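Asker:
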Amino acid sequence: MPYYRVVGEIPRKRHVQFRRPDGGLYAEELMGEEGFSSDSSLLYHRHAPTAITRSEGVLSAEAEPAPNHPLRPRAYRTQDLPEGDDLVLGRQVLFGNEDVRISFAATAGAGGPSELYRDSVGAEVVFLQTGRARVETMYGALDVSEGDYVVIPTGTIHRWIPEGPVKALVVEARGHVRPPGRYLSRYGQFLEHAPYSERDLRGPLEPVLVEGGEVPVLVRTRDGLSRLTYLHHPFDVVGWDGCLYPYAFAIADFEPIVKRTHAPPPVHQTFEGPGFVICSFCPRPLDFDDDAVPIPYNHHNVDSDEMMFYVGGDYSARKGSGIGIGSISLHPSGFTHGPQPGAVEAVVEGVRQGHGTSTELAVMIDTFRPLRLGAAARRCEDPEYAWTWARAAG
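Heads up: the sequence shown begins at 1 in UniProt numbering, then just goes up one per residue.
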């Protein structure tokens with residue numbers, strides 16, 4: 001995280017005696033990235049965060065994602081996927097590679113809280129397509145709703161408590177997720193040209209402070225899932241300070257960067273992770289040069305796969321392709337992609353008639369290794385999508 005925060009009670013100095021009302025010492029826990037060489041926070045627990053009484057392996061029936069072979073562009077209808085019980089164990093894997101796993105989760109109206117959960121493989125970014133939820137964490141709670149990104153640092157124990165039905169896109173990194181470096185000063189402050197700032201990020205405001213006896217925590221590592229039983233509830237934190245914590249960011253607070261002619265996707269970049277980026281396509285004025293073609297040109301990103309999740313609005317470039325709200329397109333390296341035939345002329349004519357804004361709302365993930373296809377993707381694929389350019393052109 002780019003800035004320092006204090007929540008709850010902390011002592012005047014780090015690593016000095018800090019005593020409970022009964023005279024005992026609070027237990028420190030340093031959560032830090034890259035050893036002791038990057039962002040960290042220091043948390044103060046009422047009880048030792050190290051005390052566990054049991055460890056069990058959790059079997060998973062999850063199949064490994066399969067290669068996109070034979071190679072072709074693909075589209076999926078997440079609205080056709082079944083609802084699950086919660087936002088952790090109910091995740092349905094769409095795509096994955098050595099750097100990232102992308103899933104879809106949909107809870108029913110009766111869906112309950114998730115288990116306490118810790119992803120020790122990397123950070124998670126959860127985008128809420130619809131619904132509302134409360135995310136309780138060892139740092140405090142976040143109330144989040146439709147259109148929010150929720151960034152949960154590696155190793156953060158948390159649980160999801162939905163308020164009714166929720167649909168979400170879940171990005172699980174194998175490493176840390178941060179704002180793009182080009183948006184930050186060398187000291188970590190957002191720069192004036194950045195499309196969002198510290199004021200747009202919502203972190204926990206106070207500790208959750210849950211007391212209790214033995215409690216299980218689901219832990220993900222690279223070798224799979226385990227369930228550790230802790231002697232004391234991990235939400236017994238009375239305070240913390242530092243630059244590492246979960247936060248929420250509303251896609252509506254992303255400030256689009258506009259050019260006279262069409263700008264490439266890096267202007268929409270919102271986060272970066274190891275081997276991938278996340279971009280936000282938001283409503284904005286269309287390109288305003290008199291001769292502009294205000295729609296994406298055909299392009300072939302030879303080093304990346306492009307996944308687009310269509311969240312809202314009118315996505316002109318995909319008209320006639322079967323793409324709708326809740327759809328996902330996957331355009332792999334090895335394939336040149338672009339607007340559907342006829343879309344360019346339609347948008348140019350629309351601008352001539354005074355329709356000079358875009359209403360599209362979408363989340364894009366570009367990966368720099370090929371995405372393999374998960375079981376959920378195979379269940380909701382539109383098998384005709386790959387041929388829509390040829391059929392429209394014919």
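Virtual Cβ for every residue (Gly too), placed ideally from N, Cα, C.
Being a predicted model, the structure only gives us computed values, none of them experimental.
Determine the DSSP secondary structure at Pro-265, reduced to helix, strand or coil.
Answerer: Note: Pro-265 maps to helix in three-state DSSP.
Asker: Taking its Cβ as the centre, do 16 or more other Cβ atoms sit within 10 Å of Thr-78, making it buried, or is it exposed?
Answerer: Per the 10 Å Cβ criterion, buried.
Asker: Rounded to whole angstroms, what is the Cα-Cα separation between Thr-270 and Gly-181?
Answerer: Their Cα atoms are separated by approximately 11 Å.
Asker: For Thr-107, count neighbouring C-beta atoms within 10 Å of its own C-beta (all shown protein chains included) and say buried if the count is 16 or more, exposed if not.
Answerer: Looking at its Cβ environment, which holds 16 or more other Cβ atoms inside 10 Å, Thr-107 is buried.
Asker: Going by DSSP, what residue range makes up the beta strand (DSSP E) through Arg-132?
Answerer: Here the beta strand (DSSP E) through Arg-132 covers 132-137.
Asker: According to DSSP, Gly-312 sits in a beta bridge with which residue or residues?
Answerer: According to DSSP, Gly-312 bridges with Leu-361.
Asker: Confirm, please, whether the CB-CB distance from Pro-195 to Glu-255 is below 9 Å.
Answerer: It is a contact, given that the beta carbons lie within the stated cut-off.
Asker: Which of the three DSSP states, helix, strand or coil, is assigned to Tyr-76?
Answerer: Looking at Tyr-76 - three-state DSSP - the assignment turns out to be strand.
Asker: Can you round the beta-carbon distance between Pro-296 and His-262 to whole angstroms, since I take them to be within the 8 Å contact cut?
Answerer: With a Cβ gap of about 7 Å, Pro-296 and His-262 count as contacting.
Asker: On the DSSP bridge list, what partners appear for Lys-167?
Answerer: Bridge partners of Lys-167: Ala-106, Thr-130.
Asker: Provide the residue span of the alpha helix (DSSP H) that contains Arg-379, from first to last.
Answerer: 375-379 is the span of the alpha helix (DSSP H), which, as asked, contains Arg-379.
Asker: If you compare alpha carbons, which of Arg-391, Val-100, Tyr-3, His-331 is closest to Arg-186?
Answerer: Selected option, being the one with the closest Cα: Tyr-3.
Asker: Considering only residues of the same chain and omitting the five flanking positions on each side of Val-215, which have a CB-CB separation below 6 Å?
Answerer: Taken in chain order, the residues that qualify are Tyr-230, His-233.
Asker: Work out the CA separation of Val-238 and Glu-211 for me, nearest whole Å.
Answerer: Answer to the nearest angstrom: the Cα atoms are 11 Å apart.
Asker: What is the DSSP secondary structure of Gly-350, counted as helix, strand or coil?
Answerer: Of the three classes helix, strand and coil, the one that applies to Gly-350 here is helix, per DSSP.
Asker: Give me whichever residues DSSP pairs with His-50 in a beta bridge.
Answerer: Going by the sequence as given, residue 50 is Thr instead of His. Answer is none; Thr-50 lacks a bridge partner.
Asker: Measuring CA to CA, which of Asp-22, Ser-329, Ala-377, Pro-383 is closest to Pro-82?
Answerer: For the residues Asp-22, Ser-329, Ala-377, Pro-383, the minimum Cα distance to Pro-82 belongs to Ala-377.
Asker: Tell me which residue opens and which closes the beta strand (DSSP E) that Phe-95 is part of.
Answerer: Per DSSP, Phe-95 belongs to the beta strand (DSSP E) from 92-96.
Asker: Whole-angstrom Cβ separation of Ala-252 and Tyr-149, contact assumed at under 8 Å?
Answerer: Not a contact, Cβ separation roughly 11 Å.
Asker: Nearest-angstrom Cα distance between Tyr-315 and Glu-360?
Answerer: Computed Cα separation, rounded: 5 Å.
Asker: Any idea if Asp-143 is buried or exposed, counting beta-carbon neighbours within 10 angstroms, 16 or more meaning buried?
Answerer: When all chains shown are included, Asp-143 counts as exposed.
Asker: Within this structure, are the beta carbons of Ser-60 and Gly-224 separated by less than 9 Å?
Answerer: Yes, these two residues count as a Cβ contact at 9 Å.
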